[in-house]
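Data first, discussion second: the structure below is written as structure tokens.
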Amino acid sequence: MAGSDGLFGIHATALELRNQRMAMLASNIANAATPNYKARDLDFGAALKAAEEGSDPESAIRYRVPVQSSIDGNTVELSTEQTAFAENALGYRASLSFLQARVATISRALKGE
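Be aware that the sequence shown starts at 206, since it is given in this note's numbering, and climbs by one per residue.
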């Protein structure tokens, strides 16, 4: 993950981590009615720090503790998951926009503009 940090800064790593988190949150939402499903989330700050330090960002995966327990053992709370998904999508878009701007700048520099 850290290979492109010099050229694209932290945003390349952030984009990859946000993508992983988005998949995890989508899985939680998809399994909202699955008995005994345990919702998971990626602690983005901890994952980013781990990636910067060269350790495994997977160590930042946490099981969600529900506000209200479900009778069937499922820990997905749709409002929590949807809020986290929306917040993560905004961060994803911000990192993507930065990367697009950086690529455009590099492209102009290579063309001599």
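C-beta atoms are modelled at their ideal positions from N, C-alpha and C, and glycine is treated no differently.
Have a look at Ser209 and Asp277 and give me their C-alpha separation to the nearest angstrom.
For Ser209, the predicted structure reports a pLDDT of 45, less than 50, and the residue's modelled location is therefore unreliable. The matter cannot be settled from this model.
For Met206, which residues of its own chain have a beta-carbon under 7 Å away from its beta-carbon, when the five flanking residues on both sides are left out?
Because Met206 carries a pLDDT of 47, less than 50, the predicted location of this residue cannot be relied on, and the following value inherits that uncertainty. Excluding sequence neighbours, Met206 sits near Thr218, Glu221 and Ala256.
Can you name the start and end residues of the alpha helix (DSSP H) that Tyr242 belongs to?
Taken as a continuous stretch (DSSP letters only), Tyr242 belongs to no alpha helix (DSSP H), as it is neither H nor E.
Can you give me the start and stop residues for the beta strand (DSSP E) that Ile266 sits inside?
Run containing Ile266: Ile266 to Tyr268, per the beta strand (DSSP E) assignment.
Hey, Val281 and Ala244 are a contact pair by Cβ (cut 8 Å); roughly how many whole angstroms apart?
Rounded, the Cβ-Cβ distance is 5 Å, consistent with contact.
Between which two residues does the alpha helix (DSSP H) harbouring Ser275 extend?
Unbroken run through Ser275: none, as it is neither H nor E.
Are Leu301 and Ala237 touching if we call contact CB-CB under 8 Å?
No, they are not a contact pair.
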